[in-house]
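Below is one structure; the comments refer to it alone.
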Amino acid sequence: MTLSVQSPVAGTVAAMADVPDPVFAQAMVGPGIAVQPAGGRADAVAPIDGTVVTLHPHAFVVAGEDGRAVLVHLGIDTVKQKGTGFTLHVVQGESVRAGQPVVGWDPDAVREAGYSPIVPVVALDARQEVLAPAEPGTAVAAGEELFTWQD
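When we follow this note's numbering, the leftmost residue of the sequence shown carries the number 6, and every step to the right adds one.
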């Protein structure tokens with residue numbers, strides 16, 4: 006079964022290897038693709054239909070009914086912002102639809118705080134070969150397909 010994973014933010018597709026954090030760049034948490042977000046305040050949206058199983062101001066995980074889960078991490082080292090500049094639109098355990106706003110944030114404010122606003126989107130517990138990601142350099146809108154996940 007193929008799962009369409011949507012981009013949580015608008016921006017430009019980037020290779021995971023280009024994420025300035027070895028945990029993501031070396032796919033230690035799982036394979037995926039990243040998005041260099043467009044500037045300005047925006048909502049990060051759910052990448053798939055499912056349940057919000059993990060929720061922090063800077064990161065969230067949505068798990069689908071089939072058990073596949075996607076991690077969205079808003080920026081690198083943004084946990085150090087302790088939630089400043091992030092607005093939660095859902096609660097942990099809530100069911101969401103792909104494209105539904107989950108967290109409001111401002112990539113420009115993240116950059117001004119000294120962090121990278123790049124957004125890794127990770128297929129948890131997946132193998133790289135089951136993913137078909139968008140081409141790096143491609144412009145993507147929030148809610149537009151970022152990669153497919155074949156299971």
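Note that the Cβ used here is the ideal one computed from N, Cα and C, for glycine as well.
Could you check where the beta strand (DSSP E) with residue 91 kicks off and where it finishes? Counting along the chain, residue 91 falls outside any beta strand (DSSP E), and DSSP gives it neither H nor E.
DSSP-derived helix/strand/coil call for residue 105: The three-state reading of DSSP puts residue 105 in coil, since its state is none of H, G, I, E or B.
Would you check if the segment 47 to 58 and the segment 68 to 75 touch, i.e. whether three or more CB-CB distances between them fall below 8 angstroms? Yes, the segment 68 to 75 is in contact with the segment 47 to 58.
Output the boundary residues of the alpha helix (DSSP H) element that contains residue 150. No alpha helix (DSSP H) holds residue 150; the beta strand (DSSP E) holding it covers 150 to 155.
Does the count of Cβ pairs from the segment 34 to 50 and the segment 126 to 135 closer than 8 angstroms reach three? yes
Using alpha carbons as the reference points, say which of 126, 155, 135 lies closest to residue 15. 126
Between the C-alpha atoms of residue 151 and residue 138, what's the straight-line distance to the nearest angstrom? A straight-line Cα-Cα distance of about 6 angstroms links residue 151 and residue 138.
Residues sharing a beta bridge with residue 40, DSSP: 18, 124
Going straight from the alpha carbon of residue 153 to that of residue 111, what length do you get? The alpha-carbon atoms of residue 153 and residue 111 are separated by roughly 27 angstroms.
Compute the Euclidean distance between the alpha carbons of residue 6 and residue 134, then round it to the nearest angstrom. Inter-residue distance for residue 6 and residue 134 is about 14 angstroms (C-alpha atoms, whole angstroms).
Cβ-based neighbour list, residue 141, same chain, cut-off 7 angstroms, excluding 5 preceding and 5 following: 18, 19, 20
Identity of the residue in 83, 136, 94, 124 nearest residue 145 by Cα: 124
Per DSSP, which residues does residue 136 bridge with? Please list them. 154
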